[in-house]
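Read in order, the letters of the sequence shown correspond to residues -22 to -1, 1 to 169 in mature numbering (1 follows the signal peptide of the UniProt record, and there is no 0). Think of the CB as a built atom: it goes at the ideal place given N, C-alpha and C, for glycine as much as any other residue. I have placed the structure first, in the form of structure tokens, so that the comments after it can refer back to it.
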Amino acid sequence: MHRIASFAFSLALAFAATPSLAARAPAAAAQAAVETVGVYSNVRVSGGEDPHAEGYDVELYRENGVVFGLFYSSQGMVGDTPRGRLQDVRYDAASGKLSFRAKLTIGQEFSKDSGPDGRPSRDLFEFDGTLGAKTLSGALLHRSGYAPSEAGERQMVTLKRDAQRSRDAGELAPASRAQWLAEPVPNGPQW
């Protein structure tokens, strides 16, 4: 009987000295929590009965120092904006330097290679610039994914942090980058 009581006491001490799974879970969850960096935009919307939007949005998140997100290109009627995941993201927190690529399908392409019915466009965007507290600015290159070696169109852009949309993105932030990567991208690229 004395051995059983001694064993039970030793077991109780072992459990008391070992943090419970519940106690360890918040620390692991806090370490892997997704932080909303913000939504940056230069989209302009025209008024009237048939509003149109023009410009770009970048939605940024961070998990364990890794930046990820979506790039949006508005070039027409408001709603159902084409978007694509950021790829090849490079971010230096010390300098704010940020670069990425994104594949989108903005519409139909008509060319000698597309046939009379056209084909889904392959829009490739490459950004190289700086992320600040209130702006994302730099060079944006837009090329065709069907002819990636061609020069494309380069423009300088400044996207301002949208406080309300950043709060909204924070409320809808993914639980993890892995979960986010597993989800389909609505109005995403068709290539």
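Q: Would you mind stating whether Gln168 and Pro98 have Cβ atoms separated by less than 8 Å?
A: Going by C-beta atoms, Gln168 is nearer than 8 Å to Pro98.
(Q) With H, G and I counted as helix, E and B as strand and the rest as coil, what does DSSP make of Arg143? (A) Per DSSP, reduced to three states, the secondary structure at Arg143 is helical.
Q. Is the region 15 to 22 touching the region 30 to 46, taking contact as three or more C-beta pairs under 8 Å?
A. At 8 Å Cβ cutoff, the stretches touch.
Q: Give me the Cα-Cα distance between Gln53 and Pro60, rounded to the nearest whole angstrom.
A: So the alpha carbons of these two residues sit roughly 9 Å apart.
Q: For my contact list, Phe49 and Val67 are in at a C-beta cut-off of 8 Å; report their separation, rounded to the angstrom.
A: In fact, because the Cβ distance is near 11 Å, the residues do not count as touching under 8 Å.
Q. Can you tell which of Val44, Ala156, Asn165, Phe103 has its C-alpha closest to the C-alpha of Ala129?
A. Relative to Ala129, the option among Val44, Ala156, Asn165, Phe103 whose CA is nearest is Phe103.
Q) So what does DSSP say about Leu82, is it helix, strand or coil? A) The answer is strand: DSSP assigns Leu82 an E or B state.
Q | Terminal residues of the beta strand (DSSP E) in which Ala31 lies | A | 30 to 41 is the extent of the beta strand (DSSP E) around Ala31.
Q. Does the beta-carbon of Phe46 have 16 or more other beta-carbons within 10 angstroms, so that it is buried, or is it exposed?
A. Within a 10 Å sphere around the beta-carbon of Phe46 sit 16 or more other beta-carbons, which makes this residue buried.
Q: Pick helix, strand or coil for Ala117, following the three-state DSSP scheme.
A: Reduced to three states, the DSSP call for Ala117 is strand.
Q: Specify the secondary structure class of Glu149 as computed by DSSP and reduced to three states.
A: Residue state, collapsed to three classes: helix.
**Q.** Simplified DSSP assignment, three categories, for Arg155
**A.** Taken through DSSP and simplified to helix, strand or coil, Arg155 comes out as helix.
Q. For Met55, which residues of its own chain have a beta-carbon under 8 Å away from its beta-carbon, when the five flanking residues on both sides are left out?
A. The residues are Asp28, Pro29, His30, Ala31.
**Q.** Nearest-angstrom Cα separation, counted from Leu109 out to Ser73
**A.** Distance between Ser73 and Leu109, taken at the CA atoms: about 9 Å.
Q: Count the other CB atoms, across all protein chains shown, that sit within 10 Å of the CB of Glu41; report buried if there are 16 or more and exposed otherwise.
A: Buried, because 16 or more other Cβ atoms sit within 10 Å of the Cβ of Glu41.
Q: List the residues that DSSP assigns as beta-bridge partners of Ser127.
A: Among the bridge pairs identified by DSSP, Ser127 is matched with none.
Q | First through last residue of the beta strand (DSSP E) which encompasses Thr14 | A | 12 to 19 is the span of the beta strand (DSSP E), which, as asked, contains Thr14.
Q) Quick one: is Ser51 buried, meaning 16 or more other Cβ sit within 10 Å of its Cβ, or exposed? A) So Ser51 ends up on the buried side.
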